[in-house]
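Protein chains in written order, with this note's numbering: chain A, 10 to 159; chain B, 96 to 371.
What follows is the structure in structure tokens.
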């Protein structure tokens, strides 16, 4: 028989760095889950993404067991990494803080496809480009679909 | 260590961007809320001045309101710890809490009060290492426990005859907890526990056995150091990584002068033993 779900906890945690401090500690501890078990598993599964913010959705069950799914990093994190910047622009329309290529936007869209609410890489790229605009990150060259329409 | 909880109210479009910036500033984890974002950082790393500077830059495009509070260190795992089930390793070892009745059928009973530290035997890696310890020579040896957590592996080493114990962990609460568990298990004599890393172990100190249940990246970095601290004939037990990562760790150990002895796995978690 399937286990009865008690609920869900959604957090954003740096890869390889989960520890029992807040918010993980109080969020899981209050449900009676073994926090240390979660930290060991999360850190074990994210050794190749050390320090990168990763959304994680934890499903906990009435019997105090749990499992979890690690999602792809937020687009803003991937854009900052691609553009090699540490800050977004305070005037994104006027002051640009960095740039990425359309190829990088494609790679980010492809990475994020499982979690994006869209069906094609092209529409994923448009979402990523929107986040880049809000950050003051320019995208070099012409959008691939602009070329295709010629 | 206390933590700061920062509550931010801002439009969802910018919450993700601000999260990326805060992560660069040392904020460790985040929770998206209906009104924005909560962010968490150790109190010692928190600077209100830096935060104000960052948030001020957002005001023209995305007005941000914020407040913060100190969350005092406490044992968040207390509820699970208050009724955890005992763990058996083979028919020789039982790990239990103070509130469990002793069971004389087991040769070694370990009493562990974890207090938010890792190592109760419930996790596959702890179980694998303890199970392996039962077949390794401990009598009269000096044993090092790297990343000791509750101190459970060092305590079993003592019960199996280890003469000297040295244990360390980077986490303050794990160090306190290991000391407490050493006391509960009569393992305080010829034992030392400190907060730190392998770099704090004197260069010329040698051990007959080293136990390291940590993670892939730390092991890949530190296995050569463990090899250097082993006496000829000494053993190294490593765990805390998945089976898929074992070949890299084995290669690193072999290039550090260690001989592979055997591997065991449980639910894809791995444990490997080497000898010098």
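Glycine residues also receive a C-beta, built at the ideal position from the N, C-alpha and C atoms.
All values derive from a computational prediction rather than experimental measurement.
| Asked | Found |
| --- | --- |
| Closer than 7 Å by beta-carbon distance: list the chain A residues that pair up with residue 152 of chain B, in chain order. | 99 |
| Is there at least one Cβ from chain A nearer than 8 Å to residue 335 of chain B's Cβ? | yes |
| Can you give the Cα-Cα distance for residue 119 of chain B and residue 270 of chain B, rounded to whole angstroms? | 29 Å |
| With a threshold of 8 Å on Cβ separation, who are the neighbours of residue 104 of chain A within its own chain once the five nearest residues in sequence on each side are excluded? | 98, 145 |
| Using a beta-carbon distance below 8 Å, is residue 433 of chain B in contact with chain A? | The first residue shown for chain B is 96 and the last is 371, placing residue 433 of chain B beyond what the model contains. |
| Output needed in chain order: residues of the stretch 195-211 of chain B with a Cβ under 9 Å from some Cβ in chain A. | 209, 211 |
| Entirely within the stretch 244-317 of chain B and at least 4 residues each: give me those alpha helix (DSSP H) ranges in chain order. | 247-254, 267-279 |
| Measuring alpha carbon to alpha carbon, tell me which residue in B/162, B/181, B/161, B/340 is nearest residue 193 of chain B. | B/181 |
| For the alpha helix (DSSP H) that contains residue 143 of chain B, what are its first and last residues? | 143-153 |
| Less than 8 Å between the beta carbons of residue 175 of chain B and residue 43 of chain A, yes or no? | yes |
| Sort B/196, B/168, B/186 by Cα distance to residue 179 of chain B and report the nearest one. | B/196 |
| Could you name the residues that DSSP lists as bridge partners for residue 239 of chain B? | B/261, B/305 |
| Using DSSP's beta-bridge definition, name the partner residues of residue 19 of chain A. | A/66 |
| Taking residue 303 of chain B and residue 326 of chain B to be in contact with their CB atoms under 8 Å, please state how far apart those CB atoms are, rounded to whole angstroms. | 5 Å |
| Taking DSSP as the reference, what is the three-state secondary structure of residue 327 of chain B? | strand |
| Report the residue from B/254, B/105, B/177, B/209 whose alpha carbon sits nearest the alpha carbon of residue 243 of chain B. | B/209 |
| Tell me residue 135 of chain B's beta-bridge partners as DSSP assigns them. | B/100, B/124 |
| Along the stretch 141-173 of chain B, what residues have a CB closer than 9 Å to any CB found in chain A? | 149, 151, 152, 153, 154, 155, 156, 157, 166, 168, 169, 170, 171, 172, 173 |
| So residue 173 of chain A contacts chain B; which residues on that side make the cut at Cβ distance below 8 Å? | For residue 173 of chain A there is no data in the structure shown, the boundaries of chain A being 10 and 159. |
| Thinking C-alpha only, which one of B/320, B/172, B/212 is nearest residue 239 of chain B? | B/320 |
| Could you check where the alpha helix (DSSP H) with residue 207 of chain B kicks off and where it finishes? | It is not in any alpha helix (DSSP H) - residue 207 of chain B carries neither H nor E in the DSSP assignment. |
| With 9 Å as the C-beta to C-beta threshold (strictly closer), list the residues of the stretch 56-73 of chain A near chain B in chain order. | 56, 57, 59, 60, 61, 62, 64, 73 |
| Please return the same chain residues whose Cβ sits closer than 6 Å to the Cβ of residue 357 of chain B, not counting the five positions on each side in sequence. | 368 |
| Helix, strand or coil, according to DSSP, for residue 52 of chain A in the structure here? | helix |
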